[in-house]
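In the working numbering, the protein residues as written are 2 to 165.
Rendered as structure tokens:
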């Protein structure tokens, strides 16, 4: 069974060994993931202090989990940080091509559901935005204001006073 080498620079016999065994990749990736996780905690804290619900931090946890999967979990499961996703544009595209060739990810049912979910969410966001913007009053008469939106058949409009 292969084991993955976690190699801090002070444990290496030389800088050349540290560089050869993926030390900079480990250093950058682990600090990146730590920073991203701390930022998610900051979003949670700001939401809490403002009295908001924490759904922004919860939604942000999905890309955090995806980044953790490709930068940390996948290389550990493959036995080498050299199998992790590179930190650059061309390396990322090469990683995607090799990953598809080795694992046939495009035919995986969960990948198909994820793509359908992303496109479906985009469609519903566009439909929601068009509904909201089309409900605004385009032309005004003498009895209505351009600042007033369509009441959607409400009996009376509630006026909220924001003055303190």
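Glycine included, C-beta positions come from ideal geometry on N, C-alpha and C.
Determine the DSSP secondary structure at residue 115, reduced to helix, strand or coil. Residue 115 carries a helical assignment under DSSP once its states are collapsed to helix, strand and coil.
In this structure, does DSSP put residue 8 in helix, strand or coil? In this structure, residue 8 counts as coil in the three-state DSSP scheme.
Could you check if residue 27 is buried or exposed, using at least 16 other CB atoms within 10 Å of its CB as the buried criterion? Classification for residue 27: buried.
By how many angstroms is the C-alpha of residue 31 removed from the C-alpha of residue 19? Approximately 15 Å between the Cα atoms of the pair.
Within its chain, find whatever has a CB closer than 8 Å to the CB of residue 29; leave out the 5 residues flanking it on each side and keep chain order. Correct list, in chain order: 88.
In angstroms, rounded to a whole number, what distance separates the CA positions of residue 52 and residue 131? If you draw a straight line from the Cα of residue 52 to the Cα of residue 131, it is about 30 Å long.
CB of residue 92 to nearest heavy atom of the ligand FMN: below 7 Å? For the structure depicted, the ligand FMN is absent and the ligand set is empty, with no information on it obtainable.
Of the choices 8, 99, 65, whose alpha-carbon is the least far from that of residue 42? For the set 8, 99, 65, the Cα lying nearest the Cα of residue 42 is the one of 65.
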